[in-house]
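Everything in the sequence shown is counted per my numbering, starting at -12 for the first residue and increasing by one.
A short worksheet on the structure shown next.
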Amino acid sequence: MDYSYIIIPLIVLITAQALKLLTDRVNGNFNLRNIFISYGGMPSAHTAFCVSITTLLGLRLGFDAPIFAMALVFTLIVMRDASTFRQLLGKQAKVFNRFISQLPSSETQDIPRFQENLGHTILEVVAGAVWGIAITYFLNLL
């Protein structure tokens, strides 16, 4: 079995997460725990991972292969989900948290706050896609 089909995308995922920590540091909100418990940020690691798998399949099996087409469809779904649906959930969480904060504290002790940064901007998704393509192409040459 050729393990590079999973190793290369995992390297892309790990490096995208490391890049995300670097951009967090530059933006002044560095927290190592964010790599494990947080969504969002630059670049989209989920997008980078999915694009890496799709790119690798295209490079090795051909861009006309049925498996490439299937991977592309799933990758586009992940990218759309990250930039629209999850971002909308984050906006709703922000409204819900604001509503909870206006209630008396005695009524809100058992109500958890929702994470607000759930999705990605289009730029973060595109950056993840570019990262996924570039690193996969480079690693595939080795």
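Even for Gly, the Cβ is constructed at its ideal location relative to N, Cα and C.
Here the alpha carbon of Leu48 sits roughly 19 angstroms from the alpha carbon of Ala35.
Taking the CA atoms as reference points, Leu126 sits about 22 angstroms from Glu111.
Scanning its chain for C-beta atoms nearer than 6 angstroms, with the 5 sequence neighbours on each side dropped, one finds around Ala80 the residues Phe101 and Glu103, in chain order.
Annotated as proximal: Ala3 and Pro30, with beta-carbon spacing under 8 angstroms. Relative to Asp(-11), the option among Leu43, Thr10 and Trp118 whose CA is nearest is Leu43.
Inter-residue distance for Val13 and Gly28 is about 12 angstroms (C-alpha atoms, whole angstroms). Within the same chain, and ignoring the five residues on either side of Gly77 in sequence, the residues whose Cβ sits closer than 7 angstroms to its Cβ are Glu103, Asn104, Leu105 and Gly106. Burial check for Ile122: the Cβ neighbour count within 10 Å reaches 16 or more, so the residue is buried. The three-state secondary structure of Pro53, taken from DSSP, is helix.
With contacts defined as CB atoms closer than 8 angstroms, Thr10 and Thr41 fail to qualify as a contacting pair. If you look at Asn14, you'll find it in the alpha helix (DSSP H) that goes Ser(-9) to Asn14.
Using a 10 angstroms sphere on the CB of Ala58, the tally of other CB atoms reaches 16 or more, which defines it as buried.
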